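What follows is a short report on a single structure.
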Amino acid sequence: MKKALSVLLVLALVCTSVFAQGQQESNYPNKNINMTVPYGAGGTTDLTARALANAMGKDLGVTINIVNTAGAGGSAGTLNVQNARVDGYSLLANGMLAFVTMPINGYTDKTFRDWDVWIATYAPNVIVVPKNSPYNTIQDLIEAMRANPGQITAGTAGIGSGGHFGAEIIKQVAGVDYKHITYAGGGPAFTATLSGEVDFCPQLLAEYKDAIISGDVKALCTLSDKPITIAEGITIPSIAEFYPEVAPLLPMGEVTGILLPKGLDEASLQKLDHAFEVAIQDPAFLEFCESRSFEVTPVGRADSQAYLEEFASKVCYILYDAGAAPIDPAQFGIERL
Amino acid sequence: MAFEYIGTAFMTALQPFNLLVMFLSTLVGLVMGVLPGLSATMAIALLTGLTYNFPTQTAIISLLAIYVGSISGGCQSAILLNIPGTPASAATALDGHPMAIQGKGGLAIFLATTCSCIGTLLSVVFVMTLTPLLTSLALKFTSWEFFLLSIFGILICGTITAQAEPIKGWISGILGLIVAMVGLDTVDTIARFSYGNVNLMSGIQLIPVMIGLFGFPEIVRVFKRNLDEEITKASKFEVKKGFSLIGKRIGTVIRSACIGVGVGIIPGVGEDTAGWLSYWSTKSLAPKEEKDTFGKGNPHGVIAVETGNNACIGGAIIPVLSLAVPGSAPAAVLLAAFLMHGYRPGPLLMTESPEFLYNVCIYLALASFSMWLIALLLSKATVRILGVNKKYLMPIVYVLCVIGSYLINYNLFDVKVMFVFGLLGVVLTSMKFPPAPFLLGVILGPMLDSNLRRALKLSNGSFAPLFTRPICIFFLILIVFMILAQLGVFKFLKGKRIAD
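If you're matching them up, the sequences are chains A and B in order.
Using the working numbering, the first residue of the first sequence is number 458, and each one after it goes up by one.
Using the working numbering, the first residue of the second sequence is number 7, and each one after it goes up by one.
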């Protein structure tokens with residue numbers, strides 16, 4: 458009798474779980490969603506993800522929890538999501554610079570083509586120098602680099618960081634190498650610039666916008682394709698104004714978005730499409746972007762692949778040509794544009 | 007103007023709802039601090055998500071309260087269990103646990119909690135008055151200084167924890183440094199010792215190492231010998247005696263607070279290092295006859311460590327406010343929370359929202375009072391819970407070790423790491439190698455390695471800058487002096503003179 462009862466109980470449990478699963482697919486989302494940020498709390502990607510997650514969660518009627526899984530230059534968290542079940546409850550928020558270069562660094566065989574992507578923001582690079590630096594314009598810096606090949610130091614957040622790409626573009630303009638000094642993040646790279654340990658810092662504008670306004674560092678140019686006004690009377694010129702030959706590589710900077718491995722059903726994806734549309738118009742999100750000088754550049758799921766083809770070609774070859782990535786992008790069908 | 011801001015901040019903080027939030031947050035922070043494995047960083051990160059939709063001021067009160075609570079809570083498990091609740095209180099166990107064994111656990115907790123409160127308050131004074139000055143001091147630290155500071159930290163930790171044979175402490179520290187080399191290095195982003203494993207590539211996480219190193223040996227020790235009646239009765243707080251002890255050591259308190267703030271403002275080194283430095287300075291300045299009592303239940307040691315690690319809170323907040331660069335790991339999460347709530351710490355803070363500095367100071371001060379009250383109330387319960395027969399307690403501690411390691415990154419690999427380092431901890435402890443320098447080695451390893459290589463790259467491979475920078479020379483002298491002293495060179499010279 459006891460045995461029969463327990464068998465019955467188990468059967469009942471199995472039935473409920475099957476039933477629950479059936480429901481799950483028809484009315485996504487019916488529980489809280491996890492969004493993995495493959496970096497520590499407080500960075501650019503993390504803050505953007507939190508602002509987006511909050512707004513998207515409101516539209517979906519559930520809470521989107523941020524899970525920070527830092528490590529291995531952002532690939533640990535990305536691989537976690539890539540290997541998780543594709544049920545729409547584990548999303549990824551990532552910067553595209555690190556994301557599209559993962560295969561050529563040998564971290565994974567999958568490329569951006571295996572993901573559904575929604576692109577939200579663009580944050581430009583800005584070249585800054587310490588306030589007592591002898592360089593007042595980007596031409597001063599470039600000339601100094603040409604006069605002392607390999608001796609002018611650039612402080613960045615590491616190989617493959619937004620700053621590294623910025624420095625590589627400066628290198629292409631100057632035609633000579635710089636001395637790459639890497640730090641454990643954008644913050645330490647910026648303090649090193651403040652203290653004068655490095656000659657220039659090519660990180661993202663958001664990381665030192667206020668210090669530019671207050672005059673603690675001098676901004677020489679932005680790697681956006683157009684000038685940026687960060688405060689009344691303070692406009693940072695685009696590098697293309699002085700060196701038009703670099704225009705094809707612009708705009709350079711970090712592009713942040715939401716990602717999900719392909720395989721979710723179309724009905725659920727459309728719900729995410731809608732939530733994304735709503736989130737990028739959310740006043741709190743827009744205000745956040747404004748304060749950090751992020752440009753809201755929404756690219757929906759339908760168009761993001763074409764966008765990423767071009768983006769990936771640009772950044773993968775910059776990294777590969779700099780000798781910082783071991784695998785030829787052509788192996789993954791990423792062509793040189 | 008400043009007084010107006012202070013007044014408004016008080017009014018905001020004392021609103022019933024905010025007050026309630028403050029008490030609750032301190033309690034949560036304390037509990038997380040007491041439990042090994044739930045660290046301050048994690049506590050703030052979790053709360054950041056929860057407080058996202060709170061009114062701004064309430065959220066900030068809550069986050070600061072949880073920061074103070076979690077840094078202070080770690081001392082209770084360090085004293086009663088000899089397992090530090092957070093890396094910050096590893097040094098507290100040194101004298102706190104022997105005190106508890108002598109039946110003075112209550113007094114030790116009272117001293118630790120009161121000094122935590124005083125340390126935070128003193129650091130608030132620094133934040134309010136000296137922020138611009140201390141910021142410029144932080145910028146004096148470049149790669150060479152960071153390199154020497156990390157060597158110095160590991161050396162003193164080794165010296166303190168292995169009094170009979172400092173060389174064992176240093177060996178332990180170097181083992182920790184080696185472990186810290188695993189993973190992607192921050193200079194060239196090259197995977198070291200990772201064998202193609204993505205988890206190893208992420209590096210060895212600090213918290214699982216700490217839980218394993220400190221937790222396992224204690225668990226094993228309890229089951230190896232009959233120690234059940236060890237701390238069943240903790241003494242009363244002895245408030246009067248406690249205050250008079252602190253009163254007599256006011257010099258120690260102020261010195262440790264200064265050290266704590268100083269360590270706090272330097273980005274990358276945090277509460278843990280602050281505790282060790284305060285302890286070392288107190289011990290080495292103590293009169294000769296007192297020196298030998300350190301590590302055997304000297305209340306002086308507890309006072310120094312807890313003042314130092316809590317003063318680090320204020321210190322770590324200074325660069326957050328003035329540069330938007332955090333001084334320690336928990337402060338980094340705090341910075342994210344400030345940004346999320348629409349404040350933009352940094353050079354423009356004082357012109358854009360001058361009230362914010364005063365808000366932070368007042369909230370911190372009030373949070374430290376609420377921490378003091380709640381910690382003492384809570385300790386009544388912890389003493390009772392942690393005082394039950396250890397054979398029943400340790401299985402629960404073990405479960406907490408596993409959960410704590412898992413929660414850091416939601417990754418089972420970290421649990422395995424905890425297990426491996428737990429076994430290593432048992433071996434090390436049984437051979438009388440102290441685990442604390444090992445832990446500090448893991449904490450400071452990346453700093454030591456990357457700063458040395460960065461500095462050499464900047465100087466084109468020359469060591470000359472080491473001898474031309476004033477702060478470097480200061481550290482170099484201290485380091486050389488300490489090594490010589492431990493090798494017995496001074497004693498040898500003295501003996502020779504007497505013989506002559």
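Ideal Cβ positions, reconstructed from N, Cα and C, are used throughout, including at glycine.
These numbers were taken from a predicted model, which means no experiment stands behind them.
Measuring alpha carbon to alpha carbon, tell me which residue in the options is nearest residue i.
| i | options | result |
| --- | --- | --- |
| T650 of chain A | A:C678, A:K588, A:E689, A:G615 | A:K588 |
| G617 of chain A | A:G632, A:D682, A:V633, A:H637 | A:H637 |
| L30 of chain B | B:I67, B:A280, B:T14 | B:I67 |
| A550 of chain A | A:N605, A:A611, A:N511 | A:N511 |
| C81 of chain B | B:G307, B:D420, B:G494 | B:G307 |
| G451 of chain B | B:F300, B:F496, B:V188, B:T435 | B:V188 |
| I517 of chain B | B:P351, B:I309, B:I256, B:N304 | Missing from the structure shown is residue 517 of chain B; chain B here goes from 7 to 506 and no further. |
| T313 of chain B | B:Y349, B:I260, B:L70 | B:I260 |
| F768 of chain A | A:L707, A:E702, A:N582, A:N605 | A:L707 |
| C658 of chain A | A:G643, A:G612, A:A527, A:K683 | A:G612 |
| F473 of chain B | B:L154, B:Y11, B:G111, B:I124 | B:L154 |
| L726 of chain A | A:P495, A:K567, A:P560, A:W575 | A:W575 |
| H347 of chain B | B:G13, B:A19, B:L20, B:P61 | B:P61 |
| I309 of chain B | B:S250, B:A330, B:L329, B:P336 | B:S250 |
Distance check for residue j and residue i, CA to CA, integer angstroms please.
| i | j | result |
| --- | --- | --- |
| L26 of chain B | V40 of chain B | 21 Å |
| K9 of chain B | L355 of chain B | The sequence as given places Phe at residue 9 of chain B; Lys does not occur at that position. About 18 Å. |
| F199 of chain B | I184 of chain B | 10 Å |
| T120 of chain B | W378 of chain B | 6 Å |
| L454 of chain B | W286 of chain B | 20 Å |
| L219 of chain B | L212 of chain B | 11 Å |
| P42 of chain B | P90 of chain B | 6 Å |
| E600 of chain A | L677 of chain A | 13 Å |
| G431 of chain B | P223 of chain B | 6 Å |
| D191 of chain B | A646 of chain A | 16 Å |
| I609 of chain A | I107 of chain B | 59 Å |
| V524 of chain A | N417 of chain B | 11 Å |
| L383 of chain B | L117 of chain B | 14 Å |
| P684 of chain A | I691 of chain A | 10 Å |
| A280 of chain B | A732 of chain A | 46 Å |
| F23 of chain B | Y349 of chain B | 22 Å |
| N205 of chain B | G534 of chain A | 10 Å |
| L44 of chain B | R603 of chain A | 52 Å |
| T64 of chain B | L392 of chain B | 33 Å |
| S122 of chain B | K666 of chain A | 36 Å |
By a C-beta neighbour count over all protein chains shown, 10 Å radius and 16 as the cutoff for buried, is residue i buried or exposed?
| i | result |
| --- | --- |
| S6 of chain B | Lying before the first or after the last residue shown, residue 6 of chain B is absent from chain B, which here runs from 7 to 506. |
| V607 of chain A | Checking the sequence, you will find Gly at residue 607 of chain A rather than Val. With fewer than 16 Cβ atoms within 10 Å of its Cβ, G607 of chain A is classed as exposed. |
| V394 of chain B | exposed |
| T92 of chain B | buried |
| G448 of chain A | Shown here, chain A extends from 458 to 794; a query on residue 448 of chain A therefore has no answer. |
| M424 of chain B | buried |
| E277 of chain B | buried |
| N522 of chain A | exposed |
| Y369 of chain B | buried |
Is the beta carbon of residue i less than 9 Å from the beta carbon of residue j?
| i | j | result |
| --- | --- | --- |
| L765 of chain A | V753 of chain A | no |
| G500 of chain A | A342 of chain B | yes |
| A144 of chain B | P273 of chain B | yes |
| L327 of chain B | V366 of chain B | yes |
| P440 of chain B | D673 of chain A | no |
| M709 of chain A | N582 of chain A | yes |
| N315 of chain B | I50 of chain B | no |
Quick one: grab the DSSP three-state call for residue i.
| i | result |
| --- | --- |
| T92 of chain B | coil |
| P645 of chain A | helix |
| N484 of chain A | coil |
| I253 of chain B | Looking at the sequence itself, residue 253 of chain B is Gly, so the reference to Ile does not match. Looking at G253 of chain B - three-state DSSP - the assignment turns out to be helix. |
| M492 of chain A | strand |
| L372 of chain B | helix |
| V275 of chain B | coil |
| Q21 of chain B | coil |
| N551 of chain A | strand |
| H347 of chain B | coil |
| F132 of chain B | helix |
Using a Cβ-based criterion (distance less than 8 Å to any ligand heavy atom), does residue i qualify as near the ligand SAM?
| i | result |
| --- | --- |
| F733 of chain A | As for the ligand SAM, it is missing from this structure, which has no ligand bound. |
Interface positions of the region 336–352 of chain B facing chain C (Cβ-Cβ less than 7 Å), listed along the chain | The structure shown contains no chain C; its protein chains are A and B.
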